[in-house]
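Engineer: Handing you this structure, nothing more for now.
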Amino acid sequence: MDFRNETDSRKRSLEETLMKVSDSLERAKIAEYVNLLNRPGRLLWLNLAGGLARGAGLAVGFTLLGAMIIYVLTRSYILNLPIIGNFLGELVWIIQQYLKGKG
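Here the working numbering is used: the sequence shown runs in plain steps of one and ends on residue 103.
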């Protein structure tokens, strides 16, 4: 009888372990990942869409950052700070020369 109790406890322990593994695999979404790997077209499409979204976000972020820097430099130019004022003056001159050459 002792052998039967030991076997039952091992079965219960094995079932509990199996349930834990099953739950962790379900939480990790392994099945979805395997399905995605089995469909390379969908994987390519999702990576393309993700890359485009990251690129657009990067472009918007750099645009906003650049606009803020230009705004701060413009304000400091109005305050007539010598170092930044000279830099902005040269920058404006370069842009004007470029526009004259283009037009």
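Backbone N, C-alpha and C define an ideal beta-carbon position, used for all residues, glycine too.
(1) Taking 7 Å as the threshold (C-beta atoms), are residue 73 and residue 88 in contact?
(2) Check whether the Cβ atoms of residue 84 and residue 76 sit closer than 7 Å, and answer yes or no.
(3) Express the C-alpha separation of residue 52 and residue 39 in angstroms, rounding to a whole number.
(4) Under 8 Å by Cβ, that's how I've got residue 36 and residue 42 pegged, so tell me the actual separation to the nearest angstrom.
(5) Where residue 56 and residue 18 are concerned, what is the direct C-alpha to C-alpha distance, given to the nearest angstrom?
(6) Going by DSSP in three states, residue 39 sits in which element: helix, strand or coil?
(7) When you compare only the Cα positions, how much space is there between residue 98 and residue 30?
(8) Quick check: the Cα distance between residue 48 and residue 5, rounded to an integer number of angstroms?
(9) Would you tell me roughly how many angstroms separate the C-alpha atoms of residue 15 and residue 34, rounded to the nearest one?
(10) Give the secondary structure of residue 29 by DSSP, where H, G and I count as helix, E and B as strand, and everything else as coil.
(11) Cα separation between residue 54 and residue 61?
Structural biologist: Looking at the atomic coordinates:
(1) For residue 88 and residue 73, yes; Cβs fall inside 7 Å.
(2) For residue 84 and residue 76, yes; Cβs fall inside 7 Å.
(3) Rounded to whole angstroms, residue 39 and residue 52 show a C-alpha spacing of 20 Å.
(4) With a Cβ gap of about 6 Å, residue 36 and residue 42 count as contacting.
(5) Straight-line Cα distance between these residues: approximately 44 Å.
(6) Residue 39 falls in the coil class under three-state DSSP.
(7) Cα to Cα, the separation comes out at about 56 Å.
(8) Their Cα atoms are separated by approximately 57 Å.
(9) Cα to Cα, residue 15 sits roughly 25 Å from residue 34.
(10) Shown here, residue 29 sits in coil according to DSSP, grouped into three states, outside any helix or strand.
(11) Looking at the two C-alpha atoms, the distance is approximately 10 Å.
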